[in-house]
Amino acid sequence: FVQQMRLEGEPYGRYRYAPCQSAPALYSSCYAAMTRHLYGDLDALTDRQRRQWIDYLQSFQDDDGLFRDRAIYGQGWYQGEVLWCGPSHLSCHVIIALTCLGATAEKPMRWLDPFTAPGAIERWLAERDWVKDVDLTGNEVMNVGTLLQYARDFQANDEAGRTVETLLAWMETHHLNPETGLWGDMDLSDPIQRSRSVQAAYHFWPLWTYDRKPIPHVERAADQVLATQNPLGGFGWGSHNGVEPFKSSACEDIDSIEPLCRFLGQTPYRRDDILAALRRARPWVVSNANDDGGFVFMRDRPFEYGHPILASGVNESAMFPTWFRTLCLAYLDTALGETAYHFRRCPGYQFGL
């Protein structure tokens, strides 16, 4: 499916989002690189193909270090450079795609400079919404934290490294409930609110696990994440699919499955329950695959990822869910003992267990 989305007759690396689309998108190119890397398929690239793909990705980087796709910039979800789904979010995907292709972002992440000033990250964190929309805050914090870790590890930015330490220390002492292992103040007796709280934490926890630090209150967190599994084996309760809540989205599923996989490496607590939950989840995740080899974001629902050129029809495969559900299976299968998947160490979504 991924190769069917590649634009023939163009320099290598241009991909459209879904069969119903015709224009390339930078997100789609990143999804292609990340998905193909999971399967080890990038090894088949010629030097020329790899170079063209890397050059294509690099061409979107601006002088502040962020990557912007002019085809979607300032439109839909991408208006106003919002932190939860703007250029910082896109950039977190590009750095992984470049790493999978064996390259590093050419320009330094100067966009991070305001965050690395003394006292800045603490002030910024304090201004986030930790009550009503903690799940959106999760995206914001992950985007900033991931780019800080990248600047530290790939661009030798010492100030970014110190800021990461400050960020993690602040997070461990603010808005974190030690009885649940989750951030925010949502009503966890409500399955939808609990699901949203776990979705938020999914975006926080990789900042710890990438740096090989213990997840705070991991046993209490495991209790909450296990409680998000629904009767179909997935992890949706209606935050994304209000019509058929248990037909969970790609996000709802990986936001619980990936943490469960990581918990296994941090604590023996409820190990058998976690393994049983993962085994029960696998058939559900696979049921979202289509005969063309792609996956859907939600079964029996159309989906638009914030812009018309990132849209797919009912039960139409698309690049975002194909990558995200493949990544979900890669984590799940690895946790269950499968070793066929490939990972590269880069902060963000795809650095392995």
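Just so we're aligned, residue 54 is where the sequence shown starts under this note's numbering, counting upward by one. Glycine is no exception: its CB is placed at the ideal position from the N, C-alpha and C atoms.
query	result
Can you tell me which residues form a DSSP beta bridge with Trp236?	Leu229
For the ligand NAP, is there any heavy atom lying closer than 6 Å to the beta carbon of Ser250?	Absent from the structure shown: the ligand NAP. Ligands present: none.
Roughly how far, in whole angstroms, is the beta-carbon of Trp290 from the beta-carbon of Trp236, given that I think they are within contact range, below 8 Å?	About 19 Å separates the two Cβ atoms, so there is no contact after all.
On the DSSP bridge list, what partners appear for Glu305?	In the DSSP output, where bridge partners are listed per residue, Glu305 has none listed.
Leaving out five residues before and five after Ala76 in sequence, what residues of the same chain have Cβ atoms less than 7 Å from its Cβ?	Arg69, Ala124, Ile362
So for Phe120, helix, strand or coil by DSSP?	strand
How about the region 143 to 163 and the region 195 to 213: do they share at least three Cβ pairs that are nearer than 8 Å?	yes
Are any of the Cβ atoms in chain B nearer than 7 Å to that of Val184?	The structure shown has no chain B; it contains just one protein chain.
Please report the straight-line C-alpha distance between Ala388 and Leu406, rounded to a whole angstrom.	8 Å
What whole-angstrom Cβ distance do Met224 and Val187 have, given they're in contact under 8 Å?	Their Cβ separation, rounded to whole angstroms, is 12 Å, which puts Met224 and Val187 out of contact at 8 Å.
With distances taken from CA atoms, which of Asp116, Pro400, Arg67 is nearest Leu260?	Pro400
Mapping the DSSP letters down to three states, classify Phe168 as helix, strand or coil.	helix
Quick check on DSSP: helix, strand or coil for Arg378?	helix
What would DSSP say about Tyr84, mapped onto helix, strand or coil?	helix
Buried or exposed for Gln74, going by 16 or more other Cβ atoms inside 10 Å?	buried
If you draw a straight line from the C-alpha of Ala330 to the C-alpha of Gly234, how long is it?	19 Å
Looking only at its chain, what residues have a beta carbon closer than 8 Å to the beta carbon of Gln111, apart from the 5 residues adjacent to it on each side?	Leu151, Ala156, Ala158, Glu159
If you reduce the DSSP assignment to three classes, tell me which class Tyr263 lands in.	helix
Kindly give me the distance between the Cβ atoms of Arg103 and Leu165, rounded to whole angstroms, as I take these residues to be in contact under 8 Å.	In fact, because the Cβ distance is near 28 Å, the residues do not count as touching under 8 Å.
Cys83: which of Trp376, Gly346, Ala383 sits nearest, CA to CA?	Trp376
Closest to Ala274 by CA distance: which of Gly287, Lys266, Thr190, Ala254 is it?	Ala254
Under 8 Å, with one C-beta from each stretch per pair, do the region 84 to 100 and the region 129 to 144 reach the 3-pair mark?	no
Comparing alpha-carbon positions, which option in Ile307, Val367, Thr379 lies nearest His256?	Ile307
Among Arg354, Ala86, Cys304, His270, which one has its Cα closest to the Cα of Glu48?	A question about residue 48 goes unanswered here, because the residues of the chain that appear run from 54 up to 406.
Counting C-beta neighbours from all protein chains within 10 Å, is the total for Gly286 16 or more, i.e. buried, or is it exposed?	buried
So, do the region 331 to 349 and the region 367 to 386 have three or more beta carbon pairs nearer to each other than 8 Å?	yes
Is it true that the CB of Thr226 sits closer than 7 Å to the CB of Val271?	no
Expressed to the nearest angstrom, what Euclidean distance is found between the alpha-carbon atoms of Gly62 and Phe120?	25 Å
Can you list, in chain order, the residues of its chain whose CB lies under 6 Å from that of Asn294, leaving out five sequence neighbours each side?	Lys300, Met351
If we ignore side chains and look at the alpha-carbon of each, how far apart do Val217 and Glu357 end up?	33 Å
Can you give the Cα-Cα distance for Leu241 and Tyr80, rounded to whole angstroms?	33 Å
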